[in-house]
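Written out below as structure tokens is the structure these notes cover.
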Amino acid sequence: DVDVKTGKVLGGTTNAHWYRLGLHECLPGRCPWRSSDHAVTHHPDGDIPVTGSVVPDIREMLHLVETSHQKMCPDVPLVGWDV
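Each residue of the sequence shown is one higher than the last, beginning at 156 in this note's numbering.
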């Protein structure tokens, strides 16, 4: 989780099968392979601490992806944006 007002990275979750397709697979109760306690504090690749870090310019990033989504794929309900 990231606080979208401050950019502070909070506790995270894991998703061992991130490549599974379909919006219905990410809905609550449909993801037995996803942690729900938001207790992950380190990135799994290299045990890198992430909780407490701050995403710089979070407001500008959100504006960029929201505007891009509206312009490029307005009929698509969910897109993963890597910024």
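Just so you know, even glycine gets a beta-carbon here, dropped at the ideal spot from N, CA and C. In this text the structure is predicted, and so the values were computed from the model without any measurement.
Return the residue from the list T169, D237 and V210 that minimises the CA-CA distance to A194.
Checking every option, the nearest Cα to that of A194 belongs to T169.
Mind reading off the beta-carbon distance from H197 to V205? Whole number of angstroms is fine, and I expect it under 8 angstroms.
Correct: roughly 6 angstroms between the Cβ atoms.
For M227 and L217, what's the separation of their Cα atoms in angstroms?
One C-alpha to the other measures close to 15 angstroms.
Cutting at 8 angstroms between CB atoms, please list the residues of its own chain near L165, excluding the five before and the five after it.
Once the five neighbours on either side are set aside, the close Cβ partners of L165 are D156, V157, D158, H193 and T206.
Tell me the rounded alpha-carbon separation between G167 and D202.
If I take the Cα positions, the gap works out to 13 angstroms.
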